[in-house]
Amino acid sequence: DTGVSQDPRHKITKRGQNVTFRCDPISEHNRLYWYRQTLGQGPEFLTYFQNEAQLEKSRLLSDRFSAERPKGSFSTLEIQRTEQGDSAMYLCASSLGGGGLNTEAFFGQGTRLTVV
Amino acid sequence: AQSVAQPEDQVNVAEGNPLTVKCTYSVSGNPYLFWYVQYPNRGLQFLLKYITGDNLVKGSYGFEAEFNKSQTSFHLKKPSALVSDSALYFCAVRDIEQAGTALIFGKGTTLSVSS
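Protein chains in written order, with my numbering: chain A, 1 to 116; chain B, 117 to 231.
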């Protein structure tokens with residue numbers, strides 16, 4: 001086990017509904033990442049937090065997506081007005097961050113979203 | 117732009133034989149390079165990384181990888197494959213000199229080790 005936990009593990013929703021996913025990183029990790037993975041592809045970066053500050057967002061993160069990390073602990077990823085194209089595995093990862101970017105990230109098991 | 121290529125969708129090897137999973141990268145600056153493994157119904161697990169120094173890095177489960185700057189490659193290797201090594205392997209790169217922190221992943225290579 002990597003120590004990063006995600007909830008729920010699976011979510012089936014109807015198109016147009018809103019969904020929210022939660023990620024609890026490894027407790028001492030100050031960096032948190034969200035990725036999306038579709039079948040046959042590697043994970044694609046969505047967004048990054050250092051503590052509570054959202055420092056980077058991918059162009060993949062449309063206006064329907066929002067992420068928060070209040071108090072620099074757990075994080076939530078919300079998708080509004082879901083579309084079938086949002087169906088994917090959503091991965092959360094965390095890492096220790098100092099001055100460099102050479103630390104490895106530890107991934108959770110992911111939340112599999114199916115939009116019907 | 118940063119990118120990672122894993123030219124083989126699948127690698128098949130017999131147990132006990134050496135294995136290689138290929139990875140090439142493209143960055144504008146110097147790279148940090150990583151290998152991750154994904155087992156069914158489990159999250160990505162870190163195997164090893166190249167940051168600086170010795171071009172041959174050793175990681176978990178007997179895996180190693182060789183950084184080759186001239187060929188922009190970071191192939192994953194293991195001297196003797198086990199059936200339990202069968203999984204999906206991802207190479208990832210981060211450009212040291214870019215402001216972003218994102219790891220860029222390849223599409224993955226499925227390793228199948230037969231007994």
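All residues carry an ideal CB built from backbone N, CA and C; glycine is no exception. Note that the structure is a prediction, hence the values are computed from the model and not measured.
Compute the beta-carbon to beta-carbon distance between residue i and residue j, rounded to the nearest angstrom, for a pair I have assumed lies under 8 Å.
i                : j                : result
THR38 (chain A)  : ALA88 (chain A)  : 5 Å
SER228 (chain B) : ASN157 (chain B) : Not a contact, Cβ separation roughly 17 Å.
SER202 (chain B) : THR140 (chain B) : With 8 Å as the limit, SER202 (chain B) and THR140 (chain B) do not qualify as a contact, their Cβ atoms being about 23 Å apart.
THR226 (chain B) : ASP125 (chain B) : 7 Å
PHE206 (chain B) : LEU164 (chain B) : 12 Å between Cβ atoms; not a contact.
LEU60 (chain A)  : GLU44 (chain A)  : 6 Å
Closest by CA to residue i, which one among the options?
i                : options                               : result
ALA93 (chain A)  : A:THR82, A:GLY16, A:SER66 and A:PHE74 : A:PHE74
LEU32 (chain A)  : A:THR103, A:VAL116 and A:LEU113       : A:THR103
SER62 (chain A)  : A:ALA53, A:GLY42 and A:GLU83          : A:GLU83
VAL153 (chain B) : B:SER200, B:ALA218 and B:ALA130       : B:SER200
ARG22 (chain A)  : A:ARG81, A:LEU96 and A:SER66          : A:SER66
SER186 (chain B) : B:LEU135, B:ALA130 and B:VAL143       : B:VAL143
LYS193 (chain B) : B:GLY178, B:ASN184 and B:PHE206       : B:GLY178
VAL209 (chain B) : B:TRP151, B:LEU160 and B:ALA197       : B:TRP151
GLN6 (chain A)   : A:ILE26, A:ASN18, A:ARG15 and A:GLN17 : A:ILE26
ARG64 (chain A)  : A:GLY85, A:LYS71 and A:GLN50          : A:GLY85
PRO70 (chain A)  : A:ARG15, A:PRO8 and A:ASN30           : A:ASN30
PRO195 (chain B) : B:VAL120, B:ALA130 and B:SER119       : B:ALA130
Are there 16 or more other CB atoms within 10 angstroms of the CB of residue i, so buried, or fewer, so exposed?
i                : result
LEU55 (chain A)  : exposed
ALA105 (chain A) : buried
GLY224 (chain B) : buried
GLY111 (chain A) : The amino acid at residue 111 (chain A) is misidentified as Gly; the sequence shows Thr. Burial call: buried.
SER231 (chain B) : exposed
ASP211 (chain B) : buried
THR47 (chain A)  : buried
GLN122 (chain B) : buried
ALA117 (chain B) : exposed
SER95 (chain A)  : buried
LEU134 (chain B) : For clarity, residue 134 (chain B) is Pro in the given sequence; the question names Leu instead. Counting Cβ neighbours within 10 Å, PRO134 (chain B) comes out exposed, since fewer than 16 surround it.
ILE12 (chain A)  : exposed
ARG81 (chain A)  : exposed
Hey, could you find the ends of the beta strand (DSSP E) residue i is sitting in?
i                : result
THR47 (chain A)  : 44-50
ARG112 (chain A) : 111-115
PHE206 (chain B) : 203-211
THR38 (chain A)  : No beta strand (DSSP E) contains THR38 (chain A), which DSSP labels as neither H nor E.
GLU56 (chain A)  : 53-57
ALA130 (chain B) : 126-130
HIS29 (chain A)  : Element bounds for HIS29 (chain A): n/a, residue is neither H nor E.
LYS11 (chain A)  : 10-13
ALA105 (chain A) : Here ALA105 (chain A) belongs to no beta strand (DSSP E), and DSSP marks it neither H nor E.
THR226 (chain B) : 225-230
At a Cβ threshold of 8 Å, is residue i touching chain E?
i                : result
LYS194 (chain B) : As a matter of chain content, chain E is missing from the structure shown, whose protein chains are A and B.
- Enumerated in chain order, which unbroken segments of the beta strand (DSSP E) with a length of 3 residues or greater are wholly contained in the segment 132-207 of chain B? 135-137, 140-142, 147-154, 160-166, 172-174, 180-184 and 189-194
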